[in-house]
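Taken in order, these protein sequences are the chains called A and B.
Numbered per the numbering used here, the first sequence spans residues 1066 to 1262.
Numbered per the numbering used here, the second sequence spans residues 1066 to 1262.
C-beta atoms are modelled at their ideal positions from N, C-alpha and C, and glycine is treated no differently.
What follows is a set of notes on a single structure, which appears directly below.
Protein chains: 2
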Amino acid sequence: MSTVRLSPTSYVVLGMIALRGPSTPYDLKRAVGHSVGYFWNFPHAQLYSEPERLAAAGLLALSVEDSGRRRRTYSLTDSGRDALRAWLASPTDEHFQMRDIAELKLFFNEVGEPGNVPTLATEQIKQHQERIAVYEAMVERFGGDPASRPRMITLELGLEMEYAALRFWTALVEGDLDRLRRARERSTATPGAPTSE
Amino acid sequence: MSTVRLSPTSYVVLGMIALRGPSTPYDLKRAVGHSVGYFWNFPHAQLYSEPERLAAAGLLALSVEDSGRRRRTYSLTDSGRDALRAWLASPTDEHFQMRDIAELKLFFNEVGEPGNVPTLATEQIKQHQERIAVYEAMVERFGGDPASRPRMITLELGLEMEYAALRFWTALVEGDLDRLRRARERSTATPGAPTSE
DNA sequence: CATCACACGGTCTGTCTCGGACCGTACTGA
DNA sequence: TCAGTACGGTCCGAGACAGACCGTGTGATG
Chain A
1066 MSTVRLSPTS YVVLGMIALR GPSTPYDLKR AVGHSVGYFW NFPHAQLYSE
1116 PERLAAAGLL ALSVEDSGRR RRTYSLTDSG RDALRAWLAS PTDEHFQMRD
1166 IAELKLFFNE VGEPGNVPTL ATEQIKQHQE RIAVYEAMVE RFGGDPASRP
1216 RMITLELGLE MEYAALRFWT ALVEGDLDRL RRARERSTAT PGAPTSE
Chain B
1066 MSTVRLSPTS YVVLGMIALR GPSTPYDLKR AVGHSVGYFW NFPHAQLYSE
1116 PERLAAAGLL ALSVEDSGRR RRTYSLTDSG RDALRAWLAS PTDEHFQMRD
1166 IAELKLFFNE VGEPGNVPTL ATEQIKQHQE RIAVYEAMVE RFGGDPASRP
1216 RMITLELGLE MEYAALRFWT ALVEGDLDRL RRARERSTAT PGAPTSE
């Protein structure tokens, strides 16, 4: 019941249980696999340790069922729901973080062979196309279901990002970054002044 | 001289030293701050411990200078350069990872108040605009310098991503995700088949 | 009926990562 | 001479992470 620091991972767990109802870690593991997992990956071991922490903090309630195989089912307590709601309503200060090995390699490419870049770009184009196809398939499968509609919205963000990357690597391999730049400026209704901090 | 596992962080260190020449951790800290740091953040403490590991593995050479303040200067060894080059030439298997708290909140928003979403979106729009302004300023400052040109290219990727996010949140707040979708499809020369597997 | 393979459900471990608090040391200028 | 502040660095505890590993049921097979 002591207070703990809640990390994003904590909120993923709370959130998943809020959306799905009482769940075992294994349930979470599978559910995460084809939803949040796409844009916030973490090892499945966390889905066993994290609920334990949250239960210790009183945000989840544990009920152990022992018929046949041992199963720990966690459900949201009132204070768990409160914590989640408070987080959802709180301002988001951090900017998103990208971790892109390809971008790193590009940054340091001067040190290596010039030939590396086209290869890299070609790989990336393929990967992003594949990922786009996966996302599109998900939209196709679940897009019709009104119940899952709200969660599908984040897919649009994901797609937008994938396309952005795809356009970049394509332009790079075609040596046409300027056109990219121009298209970008055209596509956005004038971003306005940077609202000096 | 024993072998170590090289993480992306290791390559950031090797890469920075390759680009800048011999450096102290503090140099790296500052250099990272206004370059790689934008798309691959890590705590500065790593910039003290990581070079040590790399030196132990023979990829960096340490020279301690003791005039006045103690300074550890690391420089690239041949095998360090080789390791970096090999990495640059190696295929990149992992997809990029995003960590976006705002996206998480959006995903779980059904659980909270409906009013949260517009607020969130507005915040995000502002943040992305600010970040775009920072990037543009960097382009303006360094874009003219041919020496730093290669490294500027990654800024284009960053900008492309920022604009993608900006467009998404803008569309969301305007309730016009469909237009976003259509614009996306128009903007890309047909992505082609997902190249099975 | 025995047993084997395999999906299920879960645990554990060691190593790295992450922030952030904290601490001397020089230089600067009042 | 002293305070303030940039410099340069260390340390620590909590979490994140990958991945090896392990019991348990179940259905197929001989």
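Cβ neighbours of residue i in the same chain (closer than 8 Å, five flanking residues each side left out)
i, result
"Thr-1089/B", "Arg-1136, Arg-1137, Thr-1138, Tyr-1139"
C-beta contact flag for residue i and residue j at 8 Å
i, j, result
"Met-1217/A", "Gly-1223/A", "no"
"Ala-1230/A", "His-1193/A", "yes"
"Val-1176/A", "Leu-1153/B", "yes"
"Val-1097/B", "Leu-1119/B", "no"
"Glu-1188/B", "Pro-1156/A", "yes"
"Gly-1145/A", "Phe-1173/B", "no"
"Thr-1142/A", "Ile-1190/A", "no"
"Leu-1245/A", "Glu-1225/B", "yes"
"Ala-1167/A", "Phe-1161/B", "yes"
"Trp-1271/A", "Arg-1085/B", "Given that chain A is displayed from residue 1066 to residue 1262, the structure contains no residue 1271/A and the question cannot be resolved."
Proximity test, Cβ basis, 8 Å: residue i and chain B
i, result
"Tyr-1228/A", "yes"
"Met-1163/A", "yes"
"His-1109/A", "no"
"Gly-1177/A", "yes"
"Glu-1117/A", "no"
"Ala-1148/A", "no"
"Val-1101/A", "yes"
"Arg-1232/A", "yes"
Inter-residue spacing [alpha-carbon to alpha-carbon] between residue i and residue j
i, j, result
"Glu-1250/B", "Leu-1185/A", "24 Å"
"Leu-1124/B", "Leu-1169/B", "39 Å"
"Leu-1149/B", "Ala-1121/A", "45 Å"
"Val-1129/A", "Pro-1087/A", "12 Å"
"Glu-1159/A", "Asp-1147/B", "36 Å"
"Arg-1196/B", "Leu-1127/A", "43 Å"
"Tyr-1091/B", "Asp-1243/A", "36 Å"
"Glu-1178/A", "Ala-1083/B", "14 Å"
Same chain only: Cβ atoms within 7 Å of residue i, ignoring 5 sequence neighbours per side
i, result
"Glu-1115/B", "Thr-1074, Ser-1075, Val-1078"
"Leu-1220/A", "Tyr-1200, Met-1203, Val-1204"
"Tyr-1103/A", "Gly-1223"
Residue-chain proximity (residue i, chain A), Cβ-Cβ < 8 Å
i, result
"Gly-1257/B", "Because Gly-1257/B sits at a pLDDT of 43, beneath the cut-off of 50, its placement in the model cannot be relied upon, and the following sentence gives the value as read from the coordinates. True, the Cβ-Cβ gap to chain A drops below 8 Å."
"Leu-1084/B", "yes"
"Gly-1123/B", "no"
"Glu-1159/B", "yes"
Own chain residues within Cβ distance below 6 Å of residue i, not counting five before or after
i, result
"Ser-1072/A", "none"
"His-1109/A", "Lys-1094"
- 3-residue-minimum beta strand (DSSP E) runs that sit fully inside the segment 1183-1207 of chain A, ordered along the chain: For the segment 1183-1207 of chain A, there is no continuous beta strand (DSSP E) assignment of 3+ residues that stays within its boundaries.
- Enumerated in chain order, which unbroken segments of the alpha helix (DSSP H) with a length of 4 residues or greater are wholly contained in the segment 1148-1178 of chain B? 1166-1172
- Item | Any alpha helix (DSSP H) of 4 or more consecutive residues that is wholly inside the segment 1099-1130 of chain B | You should have 1111-1121.
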